[in-house]
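Chains as they are written, first to last, in our numbering: chain F, 1 to 146; chain W, 1001 to 1771. Worksheet: the structure to be examined is printed underneath.
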């Protein structure tokens, strides 16, 4: 898929998809979305980028190794369950508080489920990107060899 | 507050690697200081616990399953906590001199301190299930510690053997603990102690299973073989020292459950028999070994047998005193042995000599530890051995066999102690031999010296900590009130002399004489190697080989590598099972399918799905099939979107996109198909597919007619915003109501991704080719 149009397009599409994926992730609590879909969107972005520019370029854009994202996500999701235990609630019980921001009426509601969802996002992004980019590595190697 | 100790240890375990990398000199010392501080904190509890107090700290965990993370500190727990923290701190300090960061010091310290956290959790847990969780954690961490030098075969094999033996025992223990919980009507210690377990119908089964778990963990015959192998593995000495800690977990659980499980025939006699047998057999074996590690390994097994036997004989005082004594002298000797090897480069104690000249501090600590092991007064080891002999002599039924076994084992232990500690220190060495010795890092000396001094202090000043501790432990093991008086004065045991005293002194003399005849002893027992003392180990090896053969056989049949047959089997079995269930239950009050409700857009989407599916079947190339299947998927996603499930729809869109891309990437490597299967095969597959599709349709119709879904959705819809502050019910269910399920799935995704990655990497081209 060595197409100039495709490559140029993915350059633009990747940041847009990443931004979209974060929006989808964060609005998930009240509107359709969430960590799972968000992670899939972001992974699709990198997968497309890898198809156009090669897996090495996609890994470079990702900066962090996908396997580390998986680890970070698992840790984040697990940690999000711990604060509840310190206040005498069972593991993973959601805790909420409001972050007051001057000039932003009502403030921002934050809670441990947000961290949990971020963990899901990271695991899905890392896991999917890991699989897809490894497969792309095969294709790129074959393209070089043949 | 007790919980904080656990959280601190596990927290430090996670931070150990970065800490050792950032602060190569200070980091390991900080890590070693943490268990010391915790140990001091536990020591401040001694007056209260020594006075008979039991401190319970509740904590909520899985309330729905009646499992809470409550901790419980009584005499037995405190004794183990002190041993774990103080000896652990010394071992960590020792390790920091033994390994460099490049050799994996950070990793090692993290694993070791995590292991200490697991041990601490195990001895503090108030709940049987929580206890089991920590028990398994010690098995797993022990696996990685024994296999620390994972690039060497011997270390990996020993680690695997330890994991399989203790893991199998762990499964038995889990079953035993569950039976115990059922018999007691609850999983907390107080419930277990309050119930009449011995009279319950499940008692014999629970007893066998619990003892199976304890015996495998504590290396009691016939499960003893993994411990010498684990200690022989090429790993840092402190990794072996940890095994000596972990094996006490089995003793702990026996002592912990003793008040509830003790019954004259089954429990007590089993413990006495297996414990005593292990004590004697291992002592015989220890004295004929020629390597430091192996002598200490077998003598540790002998001590474990002693402890188990003492609990079985009901001699709680002797057991508690011996536990302290053993912790101090064996800890000391392990560290001395490691430092000796580091100092001289030799592993055979018969070849190490002149240590008193080149390493006086180490040699002195070793001698004191060895004397305590041999049972020399006024050290704590003497008190332990004396009480052991007395316990044997005064037992109403087992007096003769127990005393004979204890005296024999004691004599051979003296012999082993002289071999390990005295000879290397005192024997004369030639000058040339001394030049090649390495200077000892002072950190290698702290542990041996402190532990040797501990043995002296406990012996000379028993009121300082040994007596209150032993008193509180007796209360835990006997399960009654605090005993009025617990006296451990060595002079009282020595004078006026009793039969036990004479036996003890005879053991010292005969053991020392036997040492000089060790050549004859070893030759005389050489036949043991031939007739197979390792019969249990052979049994273990052949069963492992058998399991592997069976696995290979099953894999060859089920995992034959043909994706088509996997799909066929999966669909076929699912269809058969569900069709059977349907045939029995009928359609029930299935929902009525009203065709007039169908709208135009439904028909359009349905057509798209059907056309996509049919097209996928009749394409000439795999790529076109995948594209057609993608069209089906997108049409399906539109159906979700149309009928009020936008979350499912967007997810389906994203998944469909990725599946098409991944399929394309995979197909790149597959042969062009359609020439592969003959027509009849495809026809049969088509029939199976249609049957399965029909079943799913029937299933959907049947389920929609049931009463379930409405109540469930309204339950979540009502509570979503009020309790979890989210308007998107689907998301709230995923991240809040059913978060534990999602967490499990998150782990599954992670593991699956790593699995796929590993499989692909196995056959991936070299990195050079990729660039």
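For glycine and all other residues, C-beta sits at the position ideal for the given N, C-alpha and C.
Pairwise C-alpha distance: residue j and residue i
i                       : j                       : result
residue 1556 of chain W : residue 1567 of chain W : 16 Å
residue 1769 of chain W : residue 77 of chain F   : A caution first: residue 1769 of chain W carries a pLDDT of 42, below 50, which makes its placement in the model unreliable, though a value can still be read off. So the two alpha carbons sit approximately 37 Å from each other.
residue 1061 of chain W : residue 1332 of chain W : 39 Å
residue 1664 of chain W : residue 1624 of chain W : 10 Å
residue 52 of chain F   : residue 1659 of chain W : 17 Å
residue 1375 of chain W : residue 127 of chain F  : 59 Å
residue 1220 of chain W : residue 133 of chain F  : 51 Å
residue 14 of chain F   : residue 1657 of chain W : 15 Å
residue 1209 of chain W : residue 1161 of chain W : 20 Å
residue 1417 of chain W : residue 116 of chain F  : 56 Å
residue 24 of chain F   : residue 1651 of chain W : 11 Å
residue 1144 of chain W : residue 1520 of chain W : 39 Å
residue 1681 of chain W : residue 1572 of chain W : 14 Å
residue 1647 of chain W : residue 1194 of chain W : 52 Å
residue 8 of chain F    : residue 67 of chain F   : 27 Å
residue 1269 of chain W : residue 1151 of chain W : 44 Å
Residue-chain proximity (residue i, chain W), Cβ-Cβ < 8 Å
i                      : result
residue 11 of chain F  : no
residue 119 of chain F : yes
residue 53 of chain F  : no
residue 125 of chain F : no
residue 40 of chain F  : yes
residue 98 of chain F  : no
residue 106 of chain F : no
residue 92 of chain F  : yes
residue 77 of chain F  : yes
residue 25 of chain F  : no
residue 113 of chain F : yes
Interface flag, residue i vs chain F, CB-CB below 8 Å
i                       : result
residue 1768 of chain W : Confidence at residue 1768 of chain W is low in this model, with a pLDDT of 47, below 50, so its placement is unreliable and the value that follows should be read with caution. By this cut-off, residue 1768 of chain W is not an interface position.
residue 947 of chain W  : Here chain W comprises residues numbered 1001 to 1771, so residue 947 of chain W is not present and cannot be evaluated.
residue 1126 of chain W : no
residue 1627 of chain W : no
residue 1752 of chain W : yes
residue 1724 of chain W : yes
residue 1074 of chain W : no
residue 1655 of chain W : yes
residue 1716 of chain W : no
residue 1059 of chain W : yes
residue 1743 of chain W : yes
residue 1009 of chain W : no
residue 1740 of chain W : yes
residue 1731 of chain W : yes
Within chain F, partners of residue i - CB distance below 8 Å
i                       : result
residue 1018 of chain W : Under the 8 Å cutoff, chain F gives no residues; its nearest Cβ is about 14 Å from residue 1018 of chain W.
residue 1719 of chain W : By Cβ distance, chain F contributes nothing, its closest Cβ being about 12 Å from residue 1719 of chain W, past 8 Å.
Neighbour list for residue i in chain F, Cβ cutoff strictly below 9 Å
i                       : result
residue 1070 of chain W : Within chain F, no residue comes near residue 1070 of chain W; the closest Cβ sits about 12 Å away, beyond 9 Å.
residue 1549 of chain W : Going along chain F, no residue has its Cβ under 9 Å from residue 1549 of chain W, so there is no contact; the nearest lies around 33 Å.
Amino acids of chain W, ordered along the chain, whose beta-carbon sits closer than 7 Å to that of residue i
i                      : result
residue 43 of chain F  : 1658
residue 16 of chain F  : The contacting residues do not exist; residue 16 of chain F stays about 15 Å from chain W at best.
residue 139 of chain F : 1665, 1668
residue 68 of chain F  : Within chain W, no residue comes near residue 68 of chain F; the closest Cβ sits about 11 Å away, beyond 7 Å.
Contact set between residue i and chain C, taken where Cβ atoms lie within less than 8 Å
i                       : result
residue 1661 of chain W : The structure shown has no chain C; the protein chains it does contain are F and W.
Interface partners of residue i on chain W, CB under 8 Å
i                     : result
residue 64 of chain F : None at all; the shortest Cβ gap to chain W is about 14 Å.
Contacts that residue i makes with chain F (C-beta to C-beta distance below 7 Å)
i                       : result
residue 1188 of chain W : Residues of chain F passing the Cβ test: none, with the nearest at roughly 17 Å.
Check your understanding: Do the stretch 1378 to 1397 of chain W and the stretch 1497 to 1506 of chain W meet, that is, are 3 or more Cβ pairs less than 8 Å apart?
Key -> yes
Check your understanding: For the stretch 1072 to 1091 of chain W against the stretch 1320 to 1329 of chain W, are there 3 or more C-beta pairs whose distance is under 8 Å?
Key -> yes
Review point. Do the stretch 1010 to 1024 of chain W and the stretch 1109 to 1121 of chain W meet, that is, are 3 or more Cβ pairs less than 8 Å apart?
Key: yes
Review point. Are the stretch 1301 to 1314 of chain W and the stretch 1400 to 1412 of chain W in contact at 8 Å, needing three or more beta carbon pairs?
Key: yes
Check your understanding: If we count Cβ pairs, one from each stretch, closer than 8 Å, do we get three or more for the stretch 1744 to 1751 of chain W versus the stretch 64 to 83 of chain F?
Key -> yes
**Study point:** Meets three-Cβ-pair contact criterion under 8 Å: the stretch 1025 to 1037 of chain W and the stretch 108 to 124 of chain F
**Key:** no
Review point. Are the stretch 1289 to 1296 of chain W and the stretch 1341 to 1350 of chain W in contact at 8 Å, needing three or more beta carbon pairs?
Key: yes
Point to revise | Those runs of the beta strand (DSSP E) which lie wholly inside the stretch 64 to 107 of chain F and span at least 3 residues | key: 96 to 101
Check your understanding: Given 8 Å as the limit, is there contact between the stretch 1350 to 1359 of chain W and the stretch 1460 to 1470 of chain W, that is, 3 or more CB pairs closer than that?
Key -> no
Practice item. Scan the stretch 1582 to 1650 of chain W and note each continuous alpha helix (DSSP H) run of 4 residues or more that stays entirely inside, going in chain order. Key: 1600 to 1618, 1622 to 1642
Review point. Using 8 Å as the threshold, is the stretch 1366 to 1374 of chain W in touch with the stretch 1444 to 1460 of chain W, meaning 3 or more CB pairs across them?
Key: yes
Review point. Does the stretch 1065 to 1079 of chain W come close enough to the stretch 1118 to 1137 of chain W to have 3 or more Cβ pairs within less than 8 Å?
Key: yes
Practice item. Specify whether the stretch 1302 to 1311 of chain W and the stretch 1271 to 1287 of chain W touch according to this definition: at least 3 beta carbon pairs, one from each stretch, less than 8 Å apart. Key: yes
Exercise for review: Say whether the stretch 1245 to 1253 of chain W touches the stretch 1180 to 1189 of chain W, bearing in mind that this needs 3 or more beta-carbon pairs closer than 8 Å, one atom from each stretch.
Suggested key: no
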